[in-house]
Structures are given as structure tokens and as C-alpha cells.
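Under the numbering used here, the residues of the sequence shown are numbered 4 to 470, in order.
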Amino acid sequence: MMRKRKGHPVYPLTAAQKLHFYYQKYCPKKQVLNIGTSLTIETDIDWEVLKQSIYRAYERCESMRLRFAEDKQGTCYQYIADREERDIEFRDFTGQTMEEAEAELTAWTAIPFKRQDSPMNRIVMIRMPDGFNGLYLLVDHMTMDAQSLIVFLKDIIEIYCSTKYEGVPYPKDMSSYIEQLQKDLAYEAGCKAKTRDEEYFHRLIASSEPIFNDISGPGRLEAEQKALNNPNLRAATNVSDSVESTVDVYHLEAEPTKRLMDFCEKYHVSLVCLLMMGLRTYFQKENGNDDVSLVTTVARRATVKEKKSGGTRIHCFPFRTIMGEDVKFIDGVFKIRDAQNEMFRYANYDPVAYYAYRGQVFPVQSGQTYEPMSLTYQPMTLQEKGLDKLGGIRYKTKWYPNGAAAHALYLTVMHRPDDNGLDFNFEHQLKAVPKEKLEYLYYYLCRIMFKGVENPDLTIGEIIRLV
């Protein structure tokens, strides 16, 4: 095994990275792991200071200097390069329309990285046609997730502001990626915690077989039962033969968003519980099953060190709820909160091992699944994280689609920087989930959530009949 690569110590991949590594390996479009985003502010920028701030942020963030290499056996390793030596590019879009500028940024997002020994990110300083200036950042999901990406962008801005403006303190140090990596690898190698986590998930899986609920009702599962001559089949194929995808965004205004947040505060639940309750109730309404499974994502960033270490720490697990129509909406939300809190305690477990074990207990054909979609709520915004120091300067963030998705439907819910309203980002395979289905889902998801927030004592059945 190679211990060093170009003079640097090498490390195996973590469980979170392996999940990405495998679906990138088998996906025909190699940009499937690209995350593209831009952050621009409505003010003139000192480009030289910004460039130096970017170099400084690279120095402070080990995972932005990650490199990968494969050995002769095809095993992938990672190591950290000493410094970032590339020139930071600059692109001036003035004289073009916003549509043209954004089309180019979207095109950049679909360019896959060379994987062997090469940088896994790209930063371009941009001057946009609308008078906003800033930067475009493209990263590979094996090196960063949305949360570490936000932390990195914030670091650049704080370094820039501390250099440019008097009285703005220099940001505190980032924490070490390698240190967190070593903890993860020690866990993977085997320990009491891992055994306990494995026992929890094995018990959960073995309890009974889940059932697939489709965005359009039971038709898909019934067709598959018929085709395979198996009336007891509970899993269905939910991907198309094409990974081509796009992102459709639906905006919830600030005022209704606040009503949802106030409900969460009043009942001490996180918004993800309310979103999950809304989604599972929608699937229950469409399919007539009390038993609903969706994929949930766990950020695994509880400590300050984890929050500031960069890298990708997301684990995704199926999240199953069984609730009859006589369950009150608020009790359903509490059930979800308790089940999620329980799952989070065991969430260091390897999701690849989870799916492998489930496939042994309930053997289904390749491509069949019980989960029609996955949900991520991204509570972290730049607003609360120190960007209010800009003295009221307006800023914008935007995420760009990479054009490929490994699964039929992902929903990522985030707060908008300007008014804290919610954006529902649906990334979907074009052939698997048409846009009108999404509009239908979004419309009913909102109706269910607001009906439940306004009348928490209504039962699930009453809400389904009322919306």
C-alpha cells in the first residue's frame, strides 16, 4: 500500500466519500459530483485583495487542497497538497445579459474534474452584469459538502473585510480536516461505538420490509408487481435510463416562511421535521399507505471542530415513518423529531454498509428502491454567520445545476440571503420526474404544512381530506 504520494502522507477514503466515489464511478456523466455556486455583493471589489484573501483561505482549509490518487488495484487514496499555486482566474461579464452570464456559470458547473493528483475545485472572481461582484466556486463533492462550502466562502469574505475595513477582526482559525479524517478512520477500523451503531441499524432494517410510494401514486409499484408477476413486491424502479437532470427552484415568500419557523420555535422542533411530515403526508395521500420511507441526510457537524474542518461529512439514510390517518399532525411531527434524534446518535455508521445489509435481508433487483426521493434542509446561511458585518451591503448566492443526477429526485431546502424566505431546490432526472409533477408536489407540500401549522390537532386523515 502506498504510504506516501509525492512526499505527502496518504489516507483511505471515509464512508461519506466512498458513497460519492461509487456513484461517480458508475455514472456515465462524471460531473455528477460537481457543486457550483456563486456569491456576489453589490459593491466594488479590490480584486487584488480578494485574490490574496482566496489564497489565504486555501492555506487555512486543508480539504480545499485535497488530491486523489488510485493505486494499481483501483483503490482510491487522498492526500493534502502543501499550497495552492494556481492563478485565480477573473471573468468580466459586463456587456452581457444576466442570462448569458448564468448560462456560462452553469456550463462551467458541468465540466468534470480530472481526478488523479489534480485540484478538485475551481475559483473564478466574477464581475456580473447586474453590478454585483464576487466569486464563483466549483468543488467536487468528495472534498466538500454544502456546509463546508458555506464556511469556506465566509472565510474568504471575512479575510477580505478584515484587510479592507477597519475594525473588522481577522477570522478565527479553521480546524484540521486530517484530524477529523483520522477520527472517522479510527471509527471505521472498529470500536464499541461502531458495533453499537451497526446493531441499531441492523435491528431497524430487520423489523419489517418498507414499501415504495411514488410521487404519482401507486401505479408504478402496481405495474412492476404485474410485470414481475409478484403481487407482494414492495420495491420499485425509480430511476430513468438517463442521468440528465436539472434543478427547478420554488420560492416561498418571507412571511409564510416565518409562520413555519415560528411553529418550529413554539414546539421546539427543527424545520426538517415539519418538511418531513409534509412530504410523508403527501405520499400517504397519493398512495394510500400509512408506511412511507424517504432518504434523509445527516450533516454530522455537531462540534465546532467538525463545523470548521471542511470536507464532506454527509451520511444519507432511509427514514421510515408508519402513521395511521388517525394520528394528529403535531404528534406526527414529534414522532419524526424523536426518530430523527435517535438516528442521529448512530449516524456515523457507513451508509454503503446499511444498503448492503438491507439488500441481504430484503433481496430486490438492482435499481429497485423503497425511497422515491431524498430531503436535505440546509439551516446554515451566510447571513447569520457574520455577513451582517458588511454594513447593509446586499449580496446574493446562487447554486448552479451540474446537469447530472444519480437519483430521481433530491430536494434541498435553503434560506435566501436577502429575505430569509425558503428556496425549494428540486434536482430531478428529466426522464424520471417531469416538471409538472414537481409543481403538484410543491403545491400540496405547502398546503399540507400550512394546514398542519394552523391546526396542529387535526389528524393526518383530516388534513388529507381538507387539502
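Using N, Cα and C, we set each Cβ at its ideal position, and we do this for glycine too.
*Can Met131 and Thr46 be called in contact, C-beta distance under 8 Å?*
no
*Rounded to whole angstroms, how far is the Cβ of Met417 from the Cβ of Asn405, which I believe are closer than 8 Å?*
That pair is no contact at about 17 Å.
*Inspect the CB distances between the segment 188-207 and the segment 92-107 and report whether three or more fall short of 8 Å.*
no
*Would you identify the three-state DSSP class for Cys30, choosing helix, strand or coil?*
coil
*asked:* If I measure Cβ to Cβ from Met279 and keep anything under 6 Å in the same chain, skipping five residues before and after, which residues do I get?
replied: Ile339
*For Ala110, which option in Thr40, Ile162 and Met145 has the closest C-alpha, if you only look at C-alpha atoms?*
Sorting Thr40, Ile162 and Met145 by C-alpha distance to the C-alpha of Ala110 places Thr40 at the top.
*According to DSSP, is Phe204 helix, strand or coil?*
helix
*What are the residues that DSSP puts in a beta bridge with Gly314?*
Met147
*Work out the CA separation of Gly77 and Arg86 for me, nearest whole Å.*
27 Å
*For Lys7, collect the residues of the same chain with a Cβ closer than 7 Å to its Cβ; drop the 5 residues on either side in sequence, then sort them by chain order.*
Excluding residues within five positions, the ones whose Cβ falls inside 7 Å are Val13.
*Would you mind working out which of Met145, Ile114 and Leu108 sits nearest Gln2, comparing C-alpha positions?*
The requested residue 2 does not occur in the structure, where the chain is confined to residues 4 to 470.
*By DSSP, does Val275 sit in helix, in strand, or in coil?*
helix
*asked:* What residue range does the alpha helix (DSSP H) around Gln185 cover?
replied: Tyr180 to Ala192
_8 Å Cβ cutoff met for Val246 and Gln432_ = In contact: Val246 and Gln432 (Cβ atoms closer than 8 Å).
*Would you identify the three-state DSSP class for Met509, choosing helix, strand or coil?*
The question about residue 509 has no answer, for the chain in this structure spans 4 to 470.
*Close-in-space but distant-in-sequence residues of the same chain around Gln99 (CB under 6 Å, 5 per side omitted)*: Cβ neighbours of Gln99 beyond the five flanking positions: Pro132.
*Give the straight-line distance between the Cα atoms of Thr284 and Met376, rounded to the nearest whole angstrom.*
14 Å
_Entirely enclosed beta strand (DSSP E) segments - the segment 316-359, minimum 3 residues_ = 318-325
*asked:* Could you compute how far the alpha carbon of Phe453 sits from the alpha carbon of Leu263?
replied: Straight through space, the alpha carbons of Leu263 and Phe453 are spaced by roughly 8 Å.
*Mark Thr260 as exposed unless 16 or more other C-beta atoms lie within 10 angstroms of its C-beta, in which case mark it buried.*
buried
*asked:* Under 8 Å, with one C-beta from each stretch per pair, do the segment 302-310 and the segment 321-332 reach the 3-pair mark?
replied: no
*What's the gap between the Cα of Cys319 and the Cα of Tyr352?*
Looking at the two C-alpha atoms, the distance is approximately 10 Å.
*asked:* Using 8 Å as the threshold, is the C-beta distance between Ile159 and Ala60 below it?
replied: Between Ile159 and Ala60, the CB-CB gap stays under 8 Å.
*asked:* What does the Cβ neighbour count give for Thr198, buried or exposed, with the cut at 16 atoms within 10 Å?
replied: exposed
*Return the chain-ordered list of same chain residues with a C-beta closer than 8 Å to the C-beta of Ser219, the five sequence neighbours on each side being excluded.*
For Ser219, where only same-chain residues beyond five positions count, the Cβ hits under 8 Å are Glu289 and Lys440.
*Which term fits Gly137, buried or exposed, when burial requires 16 or more other beta carbons within 10 angstroms of its beta carbon?*
Burial call: buried.
*Given Pro234 as reference, the closest of Ala226, Asn241 and Lys167 once Cα atoms are compared*: Ala226
*Whole-angstrom Cβ separation of Ser296 and Ala408, contact assumed at under 8 Å?*
Contact flag wrong, Cβ pair sits at about 19 Å.
_Please return the same chain residues whose Cβ sits closer than 7 Å to the Cβ of Ile466, not counting the five positions on each side in sequence._
Answer for Ile466: Thr284, Phe332, Ile451, Lys454 and Gly455, listed in chain order.
*When the Cα of His254 is compared with those of Ala149, Pro420, Asn232 and Leu22, which residue comes out closest?*
Pro420
*asked:* Under DSSP, the alpha helix (DSSP H) around Met452 begins and ends at which residues?
replied: Lys438 to Glu457
*Apply the 10 Å Cβ neighbour rule to Ile463 and answer buried if 16 or more other Cβ atoms are within range, or exposed otherwise.*
buried
*Tell me, to the nearest whole angstrom, how far the beta carbon of Gly222 is from that of Leu448; I am working on the premise that it is less than 8 Å.*
Not a contact, Cβ separation roughly 20 Å.
*Could you tell me how far apart the beta carbons of Ile126 and Ile83 are, in whole angstroms, since I believe they sit closer than 8 Å?*
About 18 Å separates the two Cβ atoms, so there is no contact after all.
*With distances taken between CB atoms, is the gap from Asn216 to Phe135 smaller than 8 Å?*
Not closer than 8 Å, so no.
_Where Asp265 falls, given that 16 or more other Cβ within 10 Å makes a residue buried_ = exposed
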